[in-house]
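Residue numbers (the working numbering), protein chains in the order written: chain P, 15 to 283; chain H, 696 to 1252.
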Ligand SMILES: Nc1ncnc2c1ncn2[C@@H]1O[C@H](COP(=O)(O)OP(=O)(O)OP(=O)(O)O)[C@@H](O)[C@H]1O
Ligand SMILES: [Mg+2]
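Put into structure tokens, the structure is as follows:
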């Protein structure tokens, strides 16, 4: 089953082509990585999918319907959640409120219910809080509900961002470099968390990652972007051996000289 | 090391001295010399000068860890400031600057030197007071934890009581008044007793709060009992204001109420949703003018409505105005939003002022003969009676603010305030969120304006100047953005106090400026900052039956 599909996706910033004719197919329940050198257009791809950028050409389809140019909040409501390369939490709010805001589309009561605190309001709020606490426990933040988000340590902030994204009950989760700035131990835990997202919650993962060990370790499929173009796609094994990929990463001439051994083998991480 | 510390101390002393020059030459110091606070000697301007010297010492000293450095460097700063003040006294005595600087009079020299004049005696007196102020400030900051704060609070309390002599005097029992107050300001004995009582009070409050036993004792009374009791008591006190407050105080209370209403309204827009609206007065004006046009026989001619019919119409009109302002500025943020809304405020003022709309809105003369409310045969006429109406409106606005804050709409406002982009990625429709903030926030302002028009009985365009908007923003900043008690404190401090202190009227903006700068420097989050928002205790109790005990413990943490 195809969950997300882009075809001929193109995005220009003035003269710069950030994405050129990108075709991407993400299978349901896959962990699909997008890699590429700095400025390759990976984040731009995320921004197009989530509706924050309107592509200049091409189509994006989610669960079979086109979402090209759809408003970001509507895209989110369809079940696409994301995290950010530079953590973007609601910094002055409590950890719990961060997640509760993620639950926004799933809380149903009218303004009048809220003003009068009707049973309907109470039920919905209590259910929301329970779900939020459960999500925090899932990512390992139980007991930190009333910390101010900005006061969490770095690794916890990354987890909170994921918990908040999960609150949307997404079918597809876009993770933009979730292990950036983490030490090996934290990275290890993050890998485990990402696996659990897919295995326990059935969420499809689209992952931007610079750490090759992580990519080779958990990806089902890897797509490689370079200067906005898709230059390779396949299993980690196939991508690792692709001369164009090696060239993109190591510069021209490297493909013949150094060979595939420079990219780590799966399971090595 | 020493050279650098000395240079810093002298610099701060000079800055404080220049501040003293400024306050003197704009006339604030000489004007405040008329007001005696304690006995016959301590005038308001002396208190200010001493505070200035102490502040210089404090600002210098707070950099250092121990009293051994704090006190000497602080004293140095205070002495430098004293010298600066003396220099000004010399200048105004020996040079005739009155052509340029209206307030550079020999009288100023006397005030600046604490009565000693620009002579050796004055210099000695000034330096002595500088030394004492420096020692006092240094010593105070060297005291263990609560004492410095307790003493400063008690001193401020005493000064405030002295300032409010004319207001409080008639309210208190005669025995108390005659003991507490002299011919002007507090009597010496009154001041000492007040200071001691205040010290005891603040100490008690601090130790009660810090004390684990009392904390457990209060926790033993369930929140479901404690909260309603406290609320009922507060309500009783608030509702009794017209009984003991005279005409003047009730009038002031009404105006504070109008600003509390506006503050609560702008708090939804600025405090909760983070949208800087500098034209909030527009909503106040729309509410006031709607009430005026609908109930006054002077304009429109065709009909007059009853107050109670006009009131909801005024509120609904303001909601529409809120949407009208909100729509075009949806995409704007920060500075651009501030400028655009500023424009809206001015547009409304110019519209009501215009000759073009004069037949409908009265032009520069405004509208008079606006209806007062009446219930059955009871005509709500005096400020005392009106107060109840204002109080009910404020309570209602507060209630709505709390309920909205704890709802998903409130959370969506917080999200927009924190990060609009991410809020959208969380499925929040920013159009609905922003427009609802503008509309509901506007409605409080409209309610305030309608009540204002009815109480005053007339509206003129001059009442709806930019200053009103600035006042409302300032009271939010002072109280703490997003904090509901902060709105009340801000309104009391920025609207209530100046009304009570006639000297402040003329220097209102100057004092505002000083207060806001001081806030930004020392308490950027406001006097009563919005705490990290927690669910109501009552719900935590309900929750207790459903989740594991371990989780409750952390939830309270
Ligand atoms: N809003 C924008 N306006 C103009 N140029 C942009 C914008 N966003 C991205 N770009 C440019 O588009 C190119 C692709 O950027 P993008 O952020 O997608 O790269 P990336 O693959 O995520 O890189 P990195 O690994 O550094 O995160 C870059 O050259 C960038 O400078
Ligand atoms: Mg990127």
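Ideal Cβ placement from N, Cα and C applies to all residues, glycine included. This one's a predicted model, so the numbers in the text were calculated from it and none came from an experiment.
Asked                                                                                                                                                                                                 : Found
For a quick check, are the C-beta atoms of residue 1172 (chain H) and residue 975 (chain H) less than 8 Å apart?                                                                                      : no
Assign residue 1202 (chain H) to buried or exposed, taking buried as 16 or more other Cβ atoms, counted over all protein chains shown, within 10 Å of its Cβ.                                         : buried
Check whether the region 63-79 of chain P and the region 250-260 of chain P touch, using three or more Cβ-Cβ pairs below 8 Å as the test.                                                             : no
Grab me the residues of residue 113 (chain P)'s own chain with a C-beta within less than 7 Å of its C-beta, minus the 5 sequence neighbours each way, in chain order.                                 : 146, 149, 150, 177, 178, 181
In the region 711-730 of chain H, which residues sit with their C-beta less than 7 Å from some C-beta in chain P, listed in chain order?                                                              : none
Ignoring anything shorter than 4 residues, give me the alpha helix (DSSP H) runs that lie fully in the region 799-865 of chain H, in order along the chain.                                           : 801-807, 815-837, 840-858, 860-863
Reducing DSSP to helix, strand and coil, say where residue 794 (chain H) ends up.                                                                                                                     : coil
Is it true that the CB of residue 175 (chain P) sits closer than 8 Å to the CB of residue 97 (chain P)?                                                                                               : yes
Would you say the beta carbon of residue 99 (chain P) comes nearer than 7 Å to a heavy atom of ligand 1?                                                                                              : yes
Report buried or exposed for residue 741 (chain H), applying the criterion of at least 16 other Cβ atoms within 10 angstroms of its Cβ.                                                               : buried
If the cut is a Cβ gap below 9 Å, which residues of chain H does residue 128 (chain P) touch?                                                                                                         : 1098, 1099, 1101, 1102, 1103, 1104, 1105
Is the beta carbon of residue 977 (chain H) less than 8 Å from the beta carbon of residue 1039 (chain H)?                                                                                             : yes
Compute every distance between the C-beta of residue 12 (chain P) and the non-hydrogen atoms of ligand 2, then say whether any falls below 7 Å.                                                       : Only positions 15 to 283 of chain P appear in this structure, which leaves residue 12 (chain P) out of reach.
Pick out the complete alpha helix (DSSP H) segments inside the region 135-220 of chain P, 4 residues or longer, and give them in chain order.                                                         : 168-181, 198-215
For residue 950 (chain H), which residues from the same chain have a beta carbon less than 7 Å from its beta carbon, with the 5 sequence-adjacent residues on both sides left out?                    : 1190, 1194
With contact counted as at least three CB pairs below 8 Å, one residue from each stretch, are the region 104-111 of chain P and the region 127-141 of chain P in contact?                             : no
Assuming residue 825 (chain H) contacts residue 748 (chain H) under a Cβ cut-off of 8 Å, what Cβ separation, rounded to an integer in Å, is found between them?                                       : 5 Å
Does the region 696-708 of chain H come into contact with the region 720-727 of chain H, if we say contact requires no fewer than three beta-carbon pairs (one atom in each stretch) closer than 8 Å? : no
Determine, using beta carbons only, whether residue 1229 (chain H) comes closer than 8 Å to chain P.                                                                                                  : Low confidence applies here, because residue 1229 (chain H) scores a pLDDT of 47, under 50, leaving its location unreliable; read the following figure in that light. For residue 1229 (chain H), the answer is yes, since a Cβ of chain P falls inside 8 Å of its Cβ.
Rank H:859, H:752, H:841 by C-alpha distance to the C-alpha of residue 1197 (chain H) and give the top, closest one.                                                                                  : H:859
For residue 1214 (chain H), return the contacting residues in chain P, with the cut-off set at a CB-CB distance below 7 Å.                                                                            : Here the premise fails: no neighbours, minimum Cβ distance about 18 Å.
So what's residue 42 (chain P) in DSSP terms, helix, strand or just coil?                                                                                                                             : coil
I want to verify the contact list: residues of chain P whose CB lies under 7 Å from the CB of residue 1113 (chain H), in sequence order.                                                              : 104, 105, 106, 107
Reducing DSSP to helix, strand and coil, say where residue 1003 (chain H) ends up.                                                                                                                    : helix
Go ahead and pull the three-state DSSP assignment for residue 19 (chain P).                                                                                                                           : strand
To be precise: take each residue of the region 786-814 of chain H, compare its Cβ to all Cβ atoms of chain P, and keep it if any distance is under 7 Å. Which residues remain?                        : none
Give a yes or no on whether the C-beta atoms belonging to residue 190 (chain P) and residue 222 (chain P) are separated by under 8 Å.                                                                 : yes
Hey, is the region 1138-1154 of chain H in contact with the region 980-989 of chain H, meaning 3+ C-beta pairs nearer than 8 Å?                                                                       : yes
Taking only runs that begin and end inside the region 980-1048 of chain H, name each unbroken alpha helix (DSSP H) of 4 or more residues, in chain order.                                             : 1002-1021, 1029-1048
Kindly give me the distance between the Cβ atoms of residue 63 (chain P) and residue 188 (chain P), rounded to whole angstroms, as I take these residues to be in contact under 8 Å.                  : 7 Å
Put residue 223 (chain P) into one of helix, strand or coil per three-state DSSP.                                                                                                                     : coil
Note down, in chain order, each residue of its chain lying with its Cβ closer than 8 Å to the Cβ of residue 845 (chain H), except the 5 sequence neighbours on either side.                           : 894, 897, 898, 901
Out of P:31, P:19, P:200, P:82, state which residue places its alpha-carbon closest to the alpha-carbon of residue 241 (chain P).                                                                     : P:31
In the structure shown, what three-state DSSP assignment does residue 1081 (chain H) receive?                                                                                                         : helix
Can you name, in chain order, every residue of its own chain whose Cβ lies under 7 Å from the Cβ of residue 1075 (chain H), other than the five neighbours on each side?                              : 1067, 1068, 1069, 1081, 1084
Residue 732 (chain H) and residue 880 (chain H): beta carbons closer than 8 Å?                                                                                                                        : yes
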